[in-house]
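Read through the structure below, which is laid out as structure tokens, and then see the notes.
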Amino acid sequence: MKKIVKLIDLDCANCAAKIENAIQKIDGVEKASVSFMTQKMTIEAPEGRMDAILQEAKKLIHKLEPDVTVQL
Amino acid sequence: MTRKQKKQLTRIFLAAAIYAAALILPLTGAVQVALFLVGYVAAGGDIVLKAAKNISHGQVFDENFLMTVATIGALLLGEYSEGIAVMLFYQVGEWFQSYAVSKSRQSISSLMDIRPDYANVERDGQLVQVDPEEVAVGDSIMVKPGERIPLDGVVLTGTSTIDTSALTGESVPREVLEGDEVISGCINQSGMLTIRVSKEFGESTVAKILDLVENSSSKKSKSENFITKFARYYTPAVVVAAAVLAVVPPLMMGGSFLPWIQRALTFLVISCPCALVISIPLSFFGGIGGASKCGILIKGSNYLEALAQVTTVVFDKTGTLTQGSFEVTAIHPEHATEQELLGLAALVESYSDHPISLSLKKAWGKELDSSALSQVEEIAGHGVVATVGGKRVAAGNCKLMAKLGVQGARDCELAGTAVHVAVDGVYQGHIIISDVVKPDAKEAITALKRNGVRKTVMLTGDAEAVGKSVAQNLGLDEYHAELLPGDKVDELEKLLRQKGKGENLAFVGDGINDAPVLTRADVGIAMGGLGSDAAIEAADIVLMDDKPSKIATAIRISRKTLGIVRQNIVFALGVKAIVLLLGALGYASMWAAVFADVGVSVIAILNAIRALSVKEYK
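Top line first, the protein sequences correspond to chains A and B.
Residues 1 to 72 (the working numbering) make up the first sequence, in order.
Residues 1001 to 1618 (the working numbering) make up the second sequence, in order.
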């Protein structure tokens, strides 16, 4: 399934790339893409794993960019 | 400006004031140093903090860390003025980036501000506003002048003009009457309309378009992927180079470490890839946004990139280059006037609902006196015979004429369907009915040629003669007629093999039974996408109105965007490379490095914003 989350205050393009890279490495993620311009992240993952992945993604993003708020 | 931006700006001014004071006031020694340090903390305290935080997370080589090392290094070397200035300019650059990006985000979201807020529904005799999502198919909604049409539907009562510009880029308003279909997202301009809803909100045009636009940025172009990959290696590489520069030359050649450390710090200032990383997606986003201003929806920056390399454009005929509706295109009477022949044919055919009869009626345009008509006899696959004013009138194809033994009927030199007319067995002439070429089709082909498209091809299921006439009329390079839907894919495969390396092929269709071809082409373009689900699904690019001339516009926008992207890559990398080189040789000061970092970012961003402007195409 596909899920789109909003990344509020995503201000730097390089950070977007870093986040994208890190999320892609989470176990179970089929595809992850962060759009710096629309401040949105698209994650594709199996339905059963999605919730766990989103939680992990939230933690990762907080670690990488404490300024960014993840809105599910 | 967001709150964060305002706060940053205040800080920048404060730091600049302290910096200026430290320079201008007649201070010396420890007092001046102290003031410089206060200025440094005001300018870059947050950067140092972030760097420290990130290191504790195991993230070392980010731009915060690099700026911290470079500036603190400068301070330690006693270059207080440089240290603060670099930090200050870095912050100015960051602020400008953030401002420019949020500006262009805003301009694009206002562009896509087509989401209707409410729908007017009558409940218990009262007009109430409800969420468009609550309205069901078959419900009636009211749209007042000035309001946005919230859901797709059919006009029950009322006439008005509607502004479709937000969807199609077309500035001339469209007139709607009772029974006309209207699509959501348009603005009702003059009269009150009552509309019977035909699609629920999630399925309506406006919801589909918003969904498409929101998803468009998840498909990234090769250039974007290249840059993010490049950025990942660039920063560590520059840092390593800086370390080597600080240590190796003095060890090898002897002498002081000091000048080499200074050079190394200059390196660190240039090591941030921000200019590139920010300006490339900004350009693509601007290009996609600009295109949607013109009524061209592009589903991802990868398609925008592919479009710029299109050298072959393949068209479907019906509905793409032609209107897809039949019209009378020629009247060739033998004895009577054109009007008399047309009137007779229209009258005889008036009982039928066949597209040919309808186009005859439409061409006649006046009331038909059907009381004069009797003994109507329809002969399937041939035509109609009826009695008008005591005479037997026959209207139909050559076969009908042959069957009735009428002499003189022959094939017309014009392409299309001929309706022959005979009265009491005497041939009266024929009327040619054919699909009409769209008014801008010829211009579309010329514009494509002018914009570097080398080959234009038409694929059609229609007869050879029809295909040939349309192709010649429009100046197409090739046409392939009498194709079954499966044959179209085969023809496309052939054309795909013929094109050169690094060249792309675009297929343009109306999305009706050409979905496989749309998917197979490098770039699938669907036209008149409004309302056609299949087209929106299968295509990479959707033209909101059905003008083929928009294809050339789309190609021009894509070329311009790609041009900007290339300029930015070359410019940013070029300046950085030169300053790195000069820095290593000791010719570039920290000031030059700040320009290579911040100055280049600002220029690249300003250049990227150009992609959004499409005035010249409208």
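C-beta atoms are modelled at their ideal positions from N, C-alpha and C, and glycine is treated no differently.
Distance, residue j Cα to residue i Cα
i, j, result
"E1224 (chain B)", "K40 (chain A)", "16 Å"
"G1029 (chain B)", "Y1080 (chain B)", "12 Å"
"F1013 (chain B)", "D1440 (chain B)", "55 Å"
"L46 (chain A)", "A22 (chain A)", "The amino acid occupying residue 46 (chain A) in the given sequence is Pro; Leu does not appear at that position. About 18 Å."
"Y1118 (chain B)", "S1165 (chain B)", "20 Å"
"T1205 (chain B)", "S1325 (chain B)", "23 Å"
"I1141 (chain B)", "R1123 (chain B)", "11 Å"
"I1555 (chain B)", "A1363 (chain B)", "37 Å"
"A1608 (chain B)", "V1137 (chain B)", "44 Å"
"I1621 (chain B)", "I1114 (chain B)", "Nothing can be reported for residue 1621 (chain B), as the shown portion of chain B is limited to 1001 through 1618."
"A1465 (chain B)", "L1459 (chain B)", "13 Å"
"A1237 (chain B)", "A1584 (chain B)", "14 Å"
"I1296 (chain B)", "Y1427 (chain B)", "50 Å"
"V1101 (chain B)", "D1353 (chain B)", "57 Å"
"F1065 (chain B)", "I1047 (chain B)", "8 Å"
"L2 (chain A)", "S35 (chain A)", "Just to set this straight, residue 2 (chain A) is Lys in the shown sequence, not Leu. Going from the Cα of K2 (chain A) to the Cα of S35 (chain A) covers about 15 Å."
"E1327 (chain B)", "A1444 (chain B)", "22 Å"
"R1003 (chain B)", "L1582 (chain B)", "40 Å"
"I1162 (chain B)", "V1176 (chain B)", "7 Å"
"G1058 (chain B)", "A1052 (chain B)", "10 Å"
"G1254 (chain B)", "L1075 (chain B)", "24 Å"
"Y1040 (chain B)", "V1069 (chain B)", "13 Å"
Beta carbon proximity, residue i to chain A, threshold 8 Å
i, result
"K1299 (chain B)", "no"
"E1134 (chain B)", "no"
"R1105 (chain B)", "yes"
"E1305 (chain B)", "no"
"S1098 (chain B)", "yes"
"E1079 (chain B)", "no"
"K1004 (chain B)", "yes"
"E1537 (chain B)", "no"
"G1332 (chain B)", "The displayed chain sequence assigns His, not Gly, to residue 1332 (chain B). Answer no: the Cβ-Cβ gap between H1332 (chain B) and chain A never drops below 8 Å."
Helix, strand or coil at residue i according to DSSP, with G and I counted as helix
i, result
"F1285 (chain B)", "helix"
"M1458 (chain B)", "strand"
"K1144 (chain B)", "coil"
"A1291 (chain B)", "helix"
"S1325 (chain B)", "strand"
"E1133 (chain B)", "helix"
"V1048 (chain B)", "helix"
"I1557 (chain B)", "helix"
"L1193 (chain B)", "strand"
"A1409 (chain B)", "coil"
"D1316 (chain B)", "strand"
"P1249 (chain B)", "helix"
"D1435 (chain B)", "strand"
"P66 (chain A)", "coil"
"G1093 (chain B)", "helix"
"E1122 (chain B)", "strand"
"I1114 (chain B)", "coil"
"P1548 (chain B)", "coil"
"I1296 (chain B)", "strand"
"K1488 (chain B)", "helix"
"D1163 (chain B)", "strand"
"Y1587 (chain B)", "coil"
"Q1309 (chain B)", "coil"
"I1603 (chain B)", "helix"
"V1060 (chain B)", "coil"
"I53 (chain A)", "helix"
"A1506 (chain B)", "strand"
"L1414 (chain B)", "coil"
Presumed contact (8 Å Cβ cut-off) between residue i and residue j, rounded CB distance
i, j, result
"Q1032 (chain B)", "A1022 (chain B)", "6 Å"
"I8 (chain A)", "T69 (chain A)", "4 Å"
"I1278 (chain B)", "Q1097 (chain B)", "6 Å"
"R1559 (chain B)", "A1308 (chain B)", "5 Å"
Beta carbon proximity, residue i to chain B, threshold 8 Å
i, result
"M50 (chain A)", "no"
"M11 (chain A)", "It is worth fixing the name first, because residue 11 (chain A) is Asp in this sequence and not Met. D11 (chain A) counts as touching chain B."
"K63 (chain A)", "yes"
"A57 (chain A)", "no"
"A45 (chain A)", "no"
"T42 (chain A)", "yes"
**Study point:** Positions along the segment 1218–1245 of chain B whose CB lies within less than 7 Å of some CB in chain A
**Key:** Those residues of the segment 1218–1245 of chain B that come within reach of chain A (Cβ to Cβ, closer than 7 Å) are S1218, K1220, T1228, A1231.
**Study point:** Residues from the segment 1272–1289 of chain B in contact with chain A, defined by Cβ distance under 7 Å
**Key:** Within the segment 1272–1289 of chain B, the residues whose Cβ lies closer than 7 Å to some Cβ of chain A are P1273, C1274, V1277, I1278, P1281, L1282, F1285, listed in chain order.
Check your understanding: Using a beta-carbon distance cut-off of less than 8 Å, what residues from the segment 20–38 of chain A approach chain B?
Key -> Contact annotation: in the segment 20–38 of chain A, residues whose CB is within less than 8 Å of a CB in chain B are E20, N21, S33, S35, F36, M37, T38.
Point to revise | Positions along the segment 1456–1482 of chain B whose CB lies within less than 9 Å of some CB in chain A | key: none
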